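First comes the structure, then the notes that go with it.
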Amino acid sequence: MDLQVNWSQNDGIVIARPEGRIYSSNYLDWQTALEAGIGPEDTALLVDFTKVPYLSSAGLRVLLTIAKQFNEPGRAFAICQLPRTVRKVLSASGFDRVVTVYDSEAEAIAAIAEG
Numbered sequence: 235m236d237l238q239v240n241w242s243q244n245d246g247i248v249i250a251r252p253e254g255r256i257y258s259s260n261y262l263d264w265q266t267a268l269e270a271g272i273g274p275e276d277t278a279l280l281v282d283f284t285k286v287p288y289l290s291s292a293g294l295r296v297l298l299t300i301a302k303q304f305n306e307p308g309r310a311f312a313i314c315q316l317p318r319t320v321r322k323v324l325s326a327s328g329f330d331r332v333v334t335v336y337d338s339e340a341e342a343i344a345a346i347a348e349g
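Just so it is clear: in the sequence shown, position 103 is 337 by our numbering, and no numbers are missing.
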C-alpha cells in the first residue's frame, strides 16, 4: 500500500492521518505530503499514527523537521495514537522526549486547545 495522508481540522488544529508504512524509500513522499497539507497560517499540527504500522528513522527525521516549524510561542505540534512498533522507534530514538505524545486524538486536541 502506498503512503497517503488524510487531512482534517478540529478546533483550529490541523490533523494529519497518514496511512501506510513510512520507509527510507518513501520518506520524501511523506515529507511532501506533510508540507503540502500545512499552510503558513496554521498554528497547530497533530499527527495521528493509528494507521502507520512502521516508521523508519528517515520518516522520523521528516517528523522532526516538521515539528521544528511549530516550535515557537503560539504554535503547537503533537503526535498521537502510536502503534507499539512506532512507539518503540520513538522511544529508542528519544523523540518521545522532544515532542508531546498523546494516547488519543481527543486528549491531544483538548490539550492543544487549552494552550
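We treat Cβ as the ideally placed atom computed from N, Cα and C, and that holds for glycine.
It should be emphasised that the depicted structure is a prediction, and the values quoted were computed from it without experimental measurement.
Between V281 and Y257, what straight-line distance do the alpha-carbon atoms span, to the nearest angstrom?
17 angstroms
Would you decide whether G293 is buried or exposed? Buried here means 16 or more other CB atoms lie within 10 Å of its CB.
buried
Anyone know if the C-beta pair for R251 and N240 falls short of 7 angstroms?
yes
Which residues mark the beginning and the end of the alpha helix (DSSP H) in which T334 is found?
Element bounds for T334: not the alpha helix (DSSP H) but the beta strand (DSSP E), T334 to Y336.
Does the distance from the CB of P317 to the CB of P274 come in under 7 angstroms?
no
Which value, in whole angstroms, describes the spacing of the CA atoms of I313 and T284?
10 angstroms
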